[in-house]
Each structure stands twice: as structure tokens, then as C-alpha cells.
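Visitor: 118 is the number that the working numbering gives to position 131 of the sequence shown; each next residue is one higher, with no gaps. Where a beta carbon is used, it is the ideal one built from N, C-alpha and C, also for glycine. Note that this is a predicted model, so its numbers are computed, not measured. Starting off with a structure, shown below.
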Amino acid sequence: MKLDRFLALGCCMISLGCQPATEGTNAVDEQATIDTLVELSHQFSQAFVAGDAAAMTQLYTDDAVLFPANSELIRGRNAIEQYWTLPEDRRITHHKLIPVEVDVSGSMASDFGHYEIGGINGDKSWGPIYGKYVVVWKRGDDGRWRMQLDMWNSRPARDEQAG
-12 MKLDRFLALG
-2 CCMISLGCQP
8 ATEGTNAVDE
18 QATIDTLVEL
28 SHQFSQAFVA
38 GDAAAMTQLY
48 TDDAVLFPAN
58 SELIRGRNAI
68 EQYWTLPEDR
78 RITHHKLIPV
88 EVDVSGSMAS
98 DFGHYEIGGI
108 NGDKSWGPIY
118 GKYVVVWKRG
128 DDGRWRMQLD
138 MWNSRPARDE
148 QAG
């Protein structure tokens, strides 16, 4: 009788050990994904300042869509690379993404926040310009996260909003 109870207790303990990951583990995985997405956003900014449209484009899915302010939709990597390729007399000198919220659900994630950007057109500096953005991320079959949808528009500088 004691042996039966011992075996039952042992089986119960083993089955508890085989349970799916707990919510705590999922939270750790979600935070790791959020950290990855924030790092990819940082890589995007670095490539933008470096003038590396090809590197920027690799952060998008093959069928990604851009939603620039006051512009038509831009679809697919080739069109996206062409969009991000600046004329020789223009360059970005400062670009920073400031995430407000990042949500992850399986192989999809969303990210929204604020951005700052500045640059040079010819011999004239401009910026900073402030704006807001929304990105939908998708994890590919290769496990890499890439932007599926990317939308942004400008907003008044923080000081101008107070008035």
C-alpha cells in the first residue's frame, strides 16, 4: 500500500515536471523578443545614419509595406530600398527611435513610439524633426524578426505641443 502511494506520488511529480512552460517562462521569452526588436530598431537607425539603404531594407520582409506621411504606399523590398536611398547631397545625421510600447503575440509583434531625425540637404542642416511611428513585426521561417508594416508621421516638437 505504501509502495502504491509512493509510486502515485512519484508519477504525479513527474507529470508536473512535464507541464508546458509557465507564464514566468513566457514572460522571459517575451522580454527577450522585445529586447531583440528594440535592438533591430537601433540597427535600423545606425544604417540610416550610415546611408546604408541595403542594410535598412534587410530589416523588412520581402512583402513589407511602408506608409510614409503624405505619400502612396511603398510595397516590397526593391521599392523600399529605392525609397531609403538618398540623393548624394542629402544625408541623415541623427535618427533615434524611442519605443513606447512593444507587444508580442506568437510570430507577430507591434511596436509604437516616437522618433527624432535630423540631417543635411546640400549645405543646410535641418532638424531635429519629431514624429511618431507604428511598426508591425513578423518572425520569418528562419526565426528572424523583420518589419512587415512601417508607418510614421511628424508631430510638433515637445515644446510646441505645450502651447
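Kindly indicate which three-state DSSP category Asp22 falls into: helix, strand or coil?
Guide: As a working note, residue 22 is residue 35 in the sequence shown. It is helical.
Visitor: If contacts are defined as beta-carbon pairs under 8 Å, then Val102 and Leu84 qualify, I think. What distance do you get, rounded to the angstrom?
Guide: Taking the first residue of the sequence shown as 1, we reach residue 102 at position 115. Taking the first residue of the sequence shown as 1, we reach residue 84 at position 97. The amino acid occupying residue 102 in the given sequence is Tyr; Val does not appear at that position. At roughly 5 Å, the Cβ-Cβ gap stays under 8 Å, so Tyr102 and Leu84 are in contact.
Visitor: Check whether the stretch 31 to 45 touches the stretch 79 to 93, counting contact only when three or more Cβ pairs, one atom from each stretch, lie closer than 8 Å.
Guide: Cβ pair count under 8 Å is three or more, so yes.
Visitor: When you compare each of Gly93, Val123, Lys111 and Ile104 to Ser141 by their alpha carbons, which one comes out closest?
Guide: Against the sequence shown, residue 141 aligns to sequence position 154. Cα-wise, what sits closest to Ser141 is Ile104.
Visitor: Among the residues of its own chain, which have a CB less than 7 Å from the CB of Gln135, if the five just before and after it don't count?
Guide: Indexing the sequence shown from 1 puts residue 135 at position 148. Within the same chain, Gln135 has close Cβ partners Thr48, Ala51, Val123, Trp124 and Lys125.
Visitor: Does the Cβ-Cβ distance between Arg78 and Gly118 come in under 8 Å?
Guide: As a position in the sequence shown, residue 78 is number 91, starting the count at 1. As a position in the sequence shown, residue 118 is number 131, starting the count at 1. No. Outside cutoff.
Visitor: At the level of alpha carbons, what is the spacing between Pro55 and Ala14?
Guide: Taking the sequence shown and counting its residues from 1, one reaches residue 55 at position 68. Taking the sequence shown and counting its residues from 1, one reaches residue 14 at position 27. Whole-angstrom Cα-Cα distance: 33 Å.
Visitor: For Met95, count neighbouring C-beta atoms within 10 Å of its own C-beta (all shown protein chains included) and say buried if the count is 16 or more, exposed if not.
Guide: Indexing the sequence shown from 1 puts residue 95 at position 108. The residue in question, Met95, is exposed, as its Cβ has fewer than 16 Cβ neighbours within 10 Å.
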